[in-house]
RNA sequence: GGGCGCGUAGCUCAAUGGUAGAGCAGUAGCCUUUUAAGCUAUUGGUUGCAGGUUCGAGCCCUGCCGCGCUCACCA
């Protein structure tokens, strides 16, 4: 039982009301609910009835959460909210009895769930409402919702204050959702995005699969994993950092087109665009290369936009973004010349590139290999500038161990990243399917990170993946995209925490 | 991890180092078609936590906790 001394005064008051209800033989948490219409259905039914002489009246039993109570003398107006919207309830003593009206006034609060039965009508002010004949408590709320109207400031400024403290909103997402309808809308959009993506890939002949989240060997991305342990097997397991290596095993198995939408886990820094767990889409397409995948990416994003938003353009953080056009394709080396003023093709070794960057007063990690330096140039000079959808392609080999190199240049691989709104949206390449070359790359990576930026980046060799590839993996193009970031783009949110229902926050002692 | 900022009533916010306030919510009334209802009265605080300076700290100082922004990090 709750220690009442830990409750606020408002909560204690409501607990008293709850006890009084029970004393009167009223169960504040009944088992059964009756509902004939949602709020929207009831309103629609009444509107229809108004224009149809054959229909007498609309009797309805509605349920919802009390969002306002406005007593006005011997009558009470109230708005309740259900999943379909809001509807007004109208109570009079002559309809429900004086005793019931008093009960409503003394024992029902904002946030309680109520069931009300009556007949739909239109008030003098024109609002379609329910004239309540009987009602009952469905759920007594102890804690008041963090919602309030704001004061009138000076003469004109009127604000409707509602829960806005980000910490409370994320820690108590239930309260955030309950009082901020636009937050509910974000997650409807998010679900619609996933639905549209599935429809797109299903209709393009892709098979949706699920691969292990608990993995004995992690791989497919450059990230530190979360480690856990299986008690009975006494085996260390890693929460996956990507799906890549498992999905490509399926190409070996004869599944030509495959995709997965699921959770990845990366044990790294948390910021505006990174959450320790996030939702990823990956697909692999046999007989495709990165050019095919670029085409498909354009179609996919456009399809999702048309399905979810009903249009091909959107506003992100004040920028108008058009998705209907084909995305400019800029070779990485050229892009860096243009935006960073550094020609990586003239600096083919780490020392030379580091020197060129230092000459431009760019801070560098002295232990970073060449690929990492280039990656930091992308992040600092290219990424923030790429607001309109843009592909950057042809990446350095040493940060892309799973991609096939371009013809005639073993130091550059067929890889692209898609940028929109100033952040990286997706990452794809012509997948390396030469097992001998793949093994060399793994060894190379191990060496680079042994001497490079530390043990955390070392990745174990995945022998089984190499074995799979030795059976013959068809040439293919692969792709990965953060669903959270796509949702940020489509809902115009600057922080990934806004599009994750329960984002990770530090422990806090209450 | 570094830098900057923030933390005051249930919510949104005020308060030169000098009695902690407002609106909304709540409570008690008035009001039979309101809707940001209105009117009258009124309750409500360990100012994130712990120390320090001071006659006196919400305010200044130190440490800690949490959040935000940012940098670093993120093949």
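Numbering (the numbering used here), first residue to last: 137 to 646. Backbone N, C-alpha and C fix where the C-beta goes; we use that ideal spot for every residue, glycine too. Bear in mind that the values here come from a model prediction, so they are computed numbers and not experimental data.
Residues bridged to residue i (per DSSP)
i: residue 327; result: Residue 327 pairs with nothing; no bridge assigned.
i: residue 535; result: Beta-bridge pairing links residue 535 to no other residue.
i: residue 273; result: 250
i: residue 224; result: 215 and 265
i: residue 452; result: 455
i: residue 545; result: 542
i: residue 563; result: 553 and 616
i: residue 256; result: 266
i: residue 206; result: 213
i: residue 526; result: 555
Which listed residue (the options) has its alpha carbon closest to that of residue i
i: residue 330; options: 363, 186 and 397; result: 397
i: residue 327; options: 641, 624 and 642; result: 624
i: residue 439; options: 416, 472 and 459; result: 459
i: residue 242; options: 533, 156, 199 and 324; result: 156
i: residue 570; options: 633, 537 and 513; result: 537
i: residue 525; options: 560, 502, 505 and 501; result: 560
i: residue 609; options: 282, 383 and 198; result: 383
i: residue 545; options: 484, 445, 576 and 457; result: 484
i: residue 416; options: 519, 347, 232 and 431; result: 347
i: residue 617; options: 574, 601 and 555; result: 555
i: residue 215; options: 600, 321 and 225; result: 225
i: residue 220; options: 399, 198, 232 and 601; result: 198
i: residue 278; options: 313, 148 and 474; result: 148
i: residue 421; options: 188, 408, 395 and 414; result: 395
i: residue 164; options: 273, 389, 486 and 176; result: 273
i: residue 247; options: 228, 261 and 218; result: 218
i: residue 208; options: 244, 228 and 161; result: 228
i: residue 684; options: 250, 175 and 457; result: Because the chain is modelled from 137 through 646, residue 684 falls outside the range shown and cannot be assessed.
i: residue 350; options: 465, 364, 340 and 261; result: 364
i: residue 505; options: 514, 516 and 486; result: 486
Nonlocal neighbours in the same chain, by C-beta distance under 8 Å from residue i, ignoring five residues either side
i: residue 542; result: 530, 548, 549 and 550
i: residue 78; result: Here the chain has residues from 137 to 646 only, and residue 78 is not among them.
i: residue 196; result: 172, 173, 178, 181, 253, 254, 255, 256 and 266
i: residue 462; result: 434
i: residue 412; result: 362, 401, 402, 403, 404, 406 and 640
i: residue 500; result: 490, 493, 494, 509 and 512
i: residue 152; result: none
i: residue 158; result: 164
i: residue 312; result: 299, 304, 305, 306 and 319
Spatial distance of residue i from residue j (CA atoms)
i: residue 276; j: residue 230; result: 25 Å
i: residue 510; j: residue 476; result: 11 Å
i: residue 437; j: residue 598; result: 33 Å
i: residue 450; j: residue 442; result: 11 Å
i: residue 352; j: residue 337; result: 29 Å
i: residue 523; j: residue 488; result: 31 Å
i: residue 552; j: residue 418; result: 14 Å
i: residue 660; j: residue 636; result: A query on residue 660 cannot be resolved here, the shown segment of the chain reaching from 137 to 646 and no further.
i: residue 603; j: residue 633; result: 40 Å
i: residue 493; j: residue 471; result: 15 Å
i: residue 508; j: residue 533; result: 11 Å
i: residue 142; j: residue 302; result: 24 Å
i: residue 150; j: residue 269; result: 25 Å
i: residue 345; j: residue 154; result: 49 Å
i: residue 369; j: residue 304; result: 40 Å
i: residue 283; j: residue 300; result: 10 Å
i: residue 187; j: residue 201; result: 30 Å
i: residue 211; j: residue 621; result: 49 Å
i: residue 391; j: residue 343; result: 8 Å
i: residue 481; j: residue 496; result: 17 Å
i: residue 572; j: residue 445; result: 46 Å
i: residue 317; j: residue 579; result: 52 Å
i: residue 341; j: residue 262; result: 52 Å
Same chain, Cβ closer than 6 Å to residue i, neighbours up to 5 away in sequence not counted
i: residue 259; result: 265
i: residue 425; result: 566 and 613
i: residue 356; result: 378, 380 and 381
i: residue 429; result: 564, 613 and 615
Own chain residues within Cβ distance below 7 Å of residue i, not counting five before or after
i: residue 144; result: none
i: residue 359; result: 377, 402 and 404
i: residue 366; result: 373
i: residue 642; result: none
i: residue 146; result: 280
i: residue 452; result: 557, 625 and 628
i: residue 309; result: 637 and 638
i: residue 307; result: 641
**OP:** Just list the beta strand (DSSP E) runs in the stretch 392–446, keeping only unbroken ones of 3 residues or longer that don't cross its boundaries, in chain order.
**Re:** 393–401 and 413–422
Subject >> Sequence ranges, alpha helix (DSSP H) only - wholly within the stretch 292–365, length at least 4 >> reply: 302–307, 309–315 and 317–339
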